[in-house]
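See below for the structure under consideration.
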Amino acid sequence: MAARAPDRRKQLARIHILKAQLGMDRDQYEAVLWTVARAHSSADLDAHGRGEVIQHMERRARDLGITATKKRKVRDRVGDDRAPMIGKVLKLLGEERGEEYALGMLRQMYGHAAPARLEWASRDQLRALISALVVDARRRAKREARS
0 MAARAPDRRK QLARIHILKA QLGMDRDQYE AVLWTVARAH SSADLDAHGR GEVIQHMERR
60 ARDLGITATK KRKVRDRVGD DRAPMIGKVL KLLGEERGEE YALGMLRQMY GHAAPARLEW
120 ASRDQLRALI SALVVDARRR AKREARS
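Going left to right, the sequence shown walks through residues 0 to 146 as numbering that gives the first Met the number 0 numbers them.
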């Protein structure tokens with residue numbers, strides 16, 4: 000059985016993602032399409048042309064040191080209902096302690112039921128974590144006041 004050709008929509012999406020990562024404006028983008036595949040629009044590309052454009056743009060991104068994945072903000076990774084809670088957790092952690100500290104606390108509190116990532120925590124887990132961080136902040140403030 001012959002291998003299935005990559006989905007056209009996925010290839011077009013990849014082209015537009017690379018365009019955004021490279022920070023191309025419309026003229027630059029159209030110049031790349033014309034130079035590489037002799038097309039005015041990505042919709043005009045056949046499977047071979049799409050592949051050539053993707054290879055060209057990936058090579059250019061690699062040469063510029065642009066990584067394939069872009070780190071998104073926590074607010075972009077979770078639903079609206081838990082985003083404020085995660086924001087509060089991150090604020091309570093401060094700059095010296097990161098997300099790993101919060102995950103360690105969740106592992107301590109929930110054992111094997113603890114989420115592997117902060118954005119996977121349930122509302123109840125986040126509430127308990129916030130409470131624990133508030134207690135921790137008070138304890139640290141008392142300790143510093145004594146010093």
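Note that CB positions come from ideal geometry on N, CA and C, so glycine has one too.
Supposed contact pair residue j and residue i - C-beta distance, whole angstroms, cut 8 Å
{"i": "Leu-105", "j": "Ala-120", "result": "6 Å"}
{"i": "Arg-58", "j": "Leu-11", "result": "About 19 Å separates the two Cβ atoms, so there is no contact after all."}
Beta-carbon proximity check, residue i vs residue j, cutoff 8 Å
{"i": "Val-31", "j": "His-55", "result": "yes"}
{"i": "Leu-91", "j": "Ala-140", "result": "no"}
{"i": "Asp-80", "j": "Arg-138", "result": "no"}
{"i": "Leu-189", "j": "Ile-85", "result": "Examination of residue 189 is not possible in this model, given that the chain is present from 0 through 146 alone."}
{"i": "Leu-17", "j": "Ala-60", "result": "yes"}
Cα-Cα separation between residue i and residue j, rounded to whole angstroms
{"i": "Ala-19", "j": "Ala-42", "result": "17 Å"}
{"i": "Arg-13", "j": "Asp-6", "result": "11 Å"}
{"i": "Ala-46", "j": "Asp-26", "result": "23 Å"}
{"i": "Glu-95", "j": "Thr-34", "result": "49 Å"}
{"i": "Gly-110", "j": "Val-133", "result": "21 Å"}
{"i": "Leu-63", "j": "Gly-97", "result": "29 Å"}
{"i": "Asp-24", "j": "Arg-142", "result": "54 Å"}
{"i": "Ala-144", "j": "Ala-112", "result": "36 Å"}
Own chain, CB closer than 7 Å to residue i, minus 5 neighbours either side, in chain order
{"i": "Leu-44", "result": "Ala-36, Ala-38 and Val-52"}
{"i": "Ala-101", "result": "Val-88, Leu-92, Leu-117 and Leu-128"}
Chain-order list of residues whose beta-carbon lies under 6 Å from that of residue i (same chain, five-residue window excluded)
{"i": "Pro-114", "result": "Ala-120"}
{"i": "Ser-130", "result": "none"}
{"i": "His-15", "result": "none"}
Residue i beta carbon near the ligand HEM (any heavy atom closer than 7 Å)
{"i": "Arg-81", "result": "The model on display carries no ligand, and the ligand HEM is accordingly not part of it."}
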